[in-house]
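Okay, so here's the structure we're looking at.
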Amino acid sequence: ADGAAVAGGVLAQHQLRVAAHRAYEAAFRQILARGRATTALAYPLAVAAATEIFAAISARVRTAGAVLAARGAGSRELADLVGRLQALEREKLALVAALHLGRVRALAGSRIGPDPGDPAAAAEAAETRRRMGEGDAEIEETVSQIRCGLADLCEEEQEEE
31 ADGAAVAGGV
41 LAQHQLRVAA
51 HRAYEAAFRQ
61 ILARGRATTA
71 LAYPLAVAAA
81 TEIFAAISAR
91 VRTAGAVLAA
101 RGAGSRELAD
111 LVGRLQALER
121 EKLALVAALH
131 LGRVRALAGS
141 RIGPDPGDPA
151 AAAEAAETRR
161 RMGEGDAEIE
171 ETVSQIRCGL
181 ADLCEEEQEE
191 E
């Protein structure tokens, strides 16, 4: 497979993942706004649908990373960046899940988890949001590095022709 095409595919999958995150967040906000009963019924369905989408994207990105790694030294750095992107995205999903769980618990009241007015819960949510912001910056930096690597790979492949 053409290394540049494979790396370009990773970037396309990243755009799909960004769109999936936006859609998941929008769905979560809509579900949460409808109250406790709707959240209890609909949120697990939204999680299942999002999980399926993110798993499919991750599988394609992991495959692309493996193809790049198999291409040899020229593509190895790109393969490493793809692996880093996957790790960062995995961490982001865990943080999103933690934030969602906190908001669902707050909606349900203290019967399920921390009291919505609990300062410890608010501090934990703030820390999770801070970590998400840092992770998002690392993701964008990694994607930028993949773009640069793709440009370099395109030049190398053109020189080989």
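Residue numbers for the sequence shown follow the working numbering, so the first one is 31 and each next one is one higher.
The beta carbon of each residue, even a glycine, is placed where N, CA and C say it ideally should be.
Because the structure is a prediction, the values reported are computed rather than measured.
| query | result |
| --- | --- |
| Nearest-angstrom Cα separation, counted from GLU190 out to THR195 | As shown, the chain starts at 31 and ends at 191. That puts residue 195 outside it, with no answer to give. |
| Test: ALA150 CB closer than 8 Å to a CB of chain C | No chain C appears in this structure, which consists of one protein chain only. |
| Straight-line gap, ALA124 to GLY113 (C-alpha atoms, nearest Å) | 17 Å |
| Short Cβ contact (8 Å threshold) for LEU122 with GLY165 | Per the sequence shown, residue 122 should be read as Lys rather than Leu. Their beta carbons are under 8 Å apart, which means LYS122 touches GLY165 by this criterion. |
| Environment of VAL91 [buried if 16+ CB atoms lie within 10 Å] | buried |
| Cutoff 7 Å; reference ARG161; Cβ partners in own chain excluding five residues on either side | LEU125 |
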